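Enquirer: Below you'll find the structure I mean.
In the working numbering, the protein residues as written are 894 to 1193.
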């Protein structure tokens, strides 16, 4: 899997991107966090991004993503500790990785690493760079932005509708398809008979998070389910997005078979309110957008 472009932007003078104001998706730096690449033959690329939240004891919430000129190509709630009840000197690393598909093979594209602010932090910033010295709390490491080939990705979906949608977690639920139209993938089983599935969703809207399982279903058959890795801070706010990441390898499939799988979830412990959320407008209204739910199938 070749790297098509990579940025580790770590300037000698620290950079701060203020998150004390609401912000629609905006490029970090169109000079130093911009990648131009050629789309591979399958029309898919894997994007990886990392940056630090720093400087506030009050929580903030961001989305990370990619802009192509003024067009939002992706946005997603990053994985990382939620910024709550922490020291202003703590670096709260935020990372996102996901597949963007439907690109034109052979096209030359220029993408900017971008962020949006959904919940402001009173004094917080996204920070990177700083001197390599022995002065306390003045360096934050690199802003990371990478674009990779996704050669082994058999099928993928980054579902981020303009109107936000909620998958409720306020009642117990056996494994159930999230959305049989928009989070359904059809793929051909590789010669190995093995595939890796990955689903990333975000929990939002309750101070009690409950417990979900994330997985995949083929019609009514559960093909895989796991307790997801979840973003958890010191408690949670109803305005937090707690990133839920689940994955697993399914073996023993018939090579060459064409299968259709749905991203799925189950509720084992209910939450007081809220649920798994995705989508919403790209604007400066507080707490109304949640980024994409990502669903991927990989050959392994």
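C-beta: ideal position from N, C-alpha, C; glycine also. Here the structure is a predicted model, which is why all the values come from computation and not from measurement.
Report the start-end ranges of each beta strand (DSSP E) in the region 1015-1074 that is 3 residues or longer and not cut off at the edges.
Expert: Counting whole runs of 3 or more residues, the region 1015-1074 contains the beta strand (DSSP E) stretches 1018-1021, 1036-1042, 1046-1052, 1058-1061, 1066-1070.
Enquirer: What does DSSP give as the partner residue(s) for residue 1111 in the beta ladder?
Expert: Residue 1111 is bridged to 1114.
Enquirer: Looking only at its chain, what residues have a beta carbon closer than 6 Å to the beta carbon of residue 992, apart from the 5 residues adjacent to it on each side?
Expert: Cβ within range, chain order: 937, 939, 1043, 1046, 1049, 1189.
Enquirer: From this set, 970, 928, 933, 949, which residue's C-alpha is nearest residue 873's C-alpha?
Expert: One cannot answer for residue 873 here, as it falls past the ends of the chain, which runs 894 to 1193.
Enquirer: Go ahead and label residue 1161 buried or exposed: buried means 16 or more other beta carbons lie within 10 angstroms of its beta carbon, across all protein chains shown.
Expert: Exposed: under 16 other Cβ atoms inside 10 Å.
Enquirer: Let me know if residue 990 comes out buried or exposed under the rule of 16 or more other beta-carbons within 10 Å of its beta-carbon.
Expert: Residue 990 should be labelled buried.
Enquirer: Hey, is the region 1096-1104 in contact with the region 1132-1148, meaning 3+ C-beta pairs nearer than 8 Å?
Expert: Because the criterion of three Cβ pairs below 8 Å is met, the region 1096-1104 and the region 1132-1148 touch.
Enquirer: For the region 1103-1116 and the region 1155-1171, state whether three or more C-beta atom pairs, one from each stretch, are separated by less than 8 Å.
Expert: At 8 Å Cβ cutoff, the stretches touch.
Enquirer: Quick one: Cα of residue 996 to Cα of residue 1029, how far?
Expert: Answer to the nearest angstrom: the Cα atoms are 44 Å apart.
Enquirer: Would you call residue 1005 buried or exposed, if buried means 16 or more other Cβ atoms sit within 10 Å of its Cβ?
Expert: So residue 1005 ends up on the buried side.
Enquirer: Taking all protein chains shown into account, do 16 or more other C-beta atoms lie within 10 angstroms of the C-beta of residue 1117, making it buried, or fewer, making it exposed?
Expert: Its Cβ being crowded by 16 or more others within 10 Å, residue 1117 is buried.
Enquirer: Would you mind sorting residue 895 into buried or exposed? The rule is 16 or more other CB atoms within 10 Å of its CB.
Expert: Looking at its Cβ environment, which holds fewer than 16 other Cβ atoms inside 10 Å, residue 895 is exposed.
Enquirer: Residue 937 bridges to which residues according to DSSP?
Expert: DSSP output for residue 937 lists no bridge partner at all.
Enquirer: If you draw a straight line from the alpha carbon of residue 1163 to that of residue 911, how long is it in whole angstroms?
Expert: Using only the alpha carbons, I get a separation of about 35 Å.
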